[in-house]
Amino acid sequence: MLLSCSFYDRPTLDVARDLIGKILRHRTPDGVAAGVIVEVEAYIGEDDPACHAAPGPTRRNAPLYGPPGVAYVYLNYGLHYMINAVTEPAGSPAAVLIRALEPIEGLPLMHQRRAALSWRKGKPAVPDYELCRGPGNLTSALGITLEQNTSPLTRGDLVIEDRGIAAGDVEWSPRIGIRVGTEHLWRCSVIGHPSVSGTKRRSRVPDSEL
DNA sequence: CGTTCGATGCACT
DNA sequence: GTGCATCGAACGT
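Sequential numbering of the first sequence, starting at 0, is according to numbering that gives the first Met the number 0.
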């Protein structure tokens, strides 16, 4: 079932924790691609120096100040789209960055999209568990771009669903890839999951984890 | 094991 | 003009 707006209209750390185990799903003319959320980060308010709301309202971060339950998508490093779920009531700028998925639907389409990136041309295909490992990789695999910015996550083509999947054991750790605000343990991930980013890439993944 | 660096676009000051 | 909530390969130790 789809998550409703009330799910997102709560403290951001609670939403972050509860998003683990939920399904992010995107339908496009090319088909459907989806995965189980296994890694997220919380970005909370203007006092959080790593949050895009830190400088106060701007054109780019406007979705953070809007109602909860919509997607905040932006382009980073000129190459990678990042997708967040906006949380907390309108006027309270906060969101959860979705950093990694375990792919469960539309794997061939994901491979196709990843392989189409200019800097991946001619490179060997990645293993399935790496298709959505990392925020830039998962938006690429799901075909998420700026077109999905401010799109509702509660209905339509880009949604988050609850399929009753148990989240498994999670851990809280410092957010990664940022220069400030690293003192907060606002990154929530499934312990030992091969699709979680950040951890050193293993040359071999046990069959039991696939 | 570690660090560096290229690819690439745009909001922000 | 500067600096990113990245990725992954190429180096150096």
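All residues carry an ideal CB built from backbone N, CA and C; glycine is no exception.
Which two residues bound the contiguous beta strand (DSSP E) that contains L1?
For the purposes of this step, residue 1 is taken as the residue at position 2 of the first sequence. Where L1 is concerned, there is no enclosing beta strand (DSSP E), given that its DSSP letter is neither H nor E.
For the alpha helix (DSSP H) containing L63, list its first residue and its last residue.
The sequence position of residue 63 within the first sequence is 64, counting from 1. Note, L63: alpha helix (DSSP H), 61-64.
Roughly how many whole angstroms lie between the Cα atoms of A93 and G44?
Mapped onto the first sequence, residue 93 falls at position 94. Mapped onto the first sequence, residue 44 falls at position 45. Looking at the two C-alpha atoms, the distance is approximately 5 angstroms.
Distance check for G180 and P54, CA to CA, integer angstroms please.
Your numbering for residue 54 matches position 55 in the first sequence. Your numbering for residue 180 matches position 181 in the first sequence. Approximately 14 angstroms, taken between the alpha carbons.
Whose C-beta lies closer than 6 angstroms to the C-beta of T149 among residues of the same chain, with five residues either side of it excluded?
Indexing the first sequence from 1 puts residue 149 at position 150. Closer than 6 angstroms at the Cβ level, and outside the excluded window around T149, lie P62, V69.
Using 10 angstroms around the beta-carbon of L108, count the other beta-carbons present and answer buried if the total reaches 16, otherwise exposed.
Here the question's residue 108 lines up with position 109 in the first sequence. It counts as buried.
Identify whether L78 lies in helix, strand or coil by the three-state DSSP scheme.
Taking the first residue of the first sequence as 1, we reach residue 78 at position 79. Looking at L78 - three-state DSSP - the assignment turns out to be coil, as it is neither helix nor strand.
Over the uninterrupted alpha helix (DSSP H) stretch that includes P107, give me the two end residues.
By 1-based counting over the first sequence, the position of residue 107 is 108. Its alpha helix (DSSP H) spans residues 106-115.
Residue closest to I103, alpha-carbon to alpha-carbon, out of T198, Y80, R24, S3
The sequence position of residue 103 within the first sequence is 104, counting from 1. Nearest option by C-alpha distance: R24.
According to the neighbour-count rule (16 or more other Cβ atoms, all chains shown, within 10 Å of its Cβ), is N75 buried or exposed?
In the first sequence, the residue the question calls residue 75 occupies position 76. Answer is exposed; the Cβ neighbour count stays below 16.
Should D175 and G191 be called a contact, given that it needs their Cβ atoms to be closer than 7 angstroms?
Taking the first sequence and counting its residues from 1, the one referred to as residue 175 is at position 176. Taking the first sequence and counting its residues from 1, the one referred to as residue 191 is at position 192. Inspection of the sequence shows that residue 175 is occupied by Ile rather than by Asp. No; because the gap between Cβ atoms is not below 7 angstroms, this pair is not in contact.
If you drop the 5 nearest sequence neighbours on each side, which residues of the same chain put their C-beta closer than 8 angstroms to that of P4?
For the purposes of this step, residue 4 is identified with residue 5 of the first sequence, where counting begins at 1. First, the residue type needs correcting, since residue 4 is Cys and not Pro in the sequence shown. Correct list, in chain order: P66, P67, G68, T153.
Limits of the unbroken beta strand (DSSP E) element including G30:
Translated into positions along the first sequence, residue 30 becomes position 31. From DSSP, the beta strand (DSSP E) with G30 extends over 30-43.
For C50 and G20, I'd like the C-alpha separation in whole angstroms.
Here residue 50 refers to the residue found at position 51 of the first sequence. Here residue 20 refers to the residue found at position 21 of the first sequence. Going from the Cα of C50 to the Cα of G20 covers about 24 angstroms.
Would you kindly check if the distance between the Cβ of V169 and the Cβ of V189 is under 7 angstroms?
By one-based count along the first sequence, residue 189 stands at place 190. By one-based count along the first sequence, residue 169 stands at place 170. Taking 7 angstroms as the Cβ cut-off, V189 and V169 qualify as a contacting pair.
Along the alpha helix (DSSP H) that carries L141, what are the first and last residues, could you check?
By 1-based counting over the first sequence, the position of residue 141 is 142. Residues 134-141.
Give the secondary structure of E182 by DSSP, where H, G and I count as helix, E and B as strand, and everything else as coil.
Position 183 of the first sequence, counting from 1, holds the residue named residue 182. Of the three classes helix, strand and coil, the one that applies to E182 here is coil, per DSSP.
Own chain partners of P90 with C-beta closer than 8 angstroms, once the 5 adjacent residues on each side are dropped
Here residue 90 refers to the residue found at position 91 of the first sequence. Here the sequence assigns Gly to residue 90, which means Pro is not the residue at that position. Cβ neighbours of G90 beyond the five flanking positions: Y64.
Which residues in the same chain have their Cβ closer than 6 angstroms to the Cβ of M0, if we skip the five residues on either side of it in sequence?
Mapped onto the first sequence, residue 0 falls at position 1. Here the set comprises D161.
Helix, strand or coil at E146 [DSSP, three-state]:
As a position in the first sequence, residue 146 is number 147, starting the count at 1. Here E146 sits in helix by DSSP.
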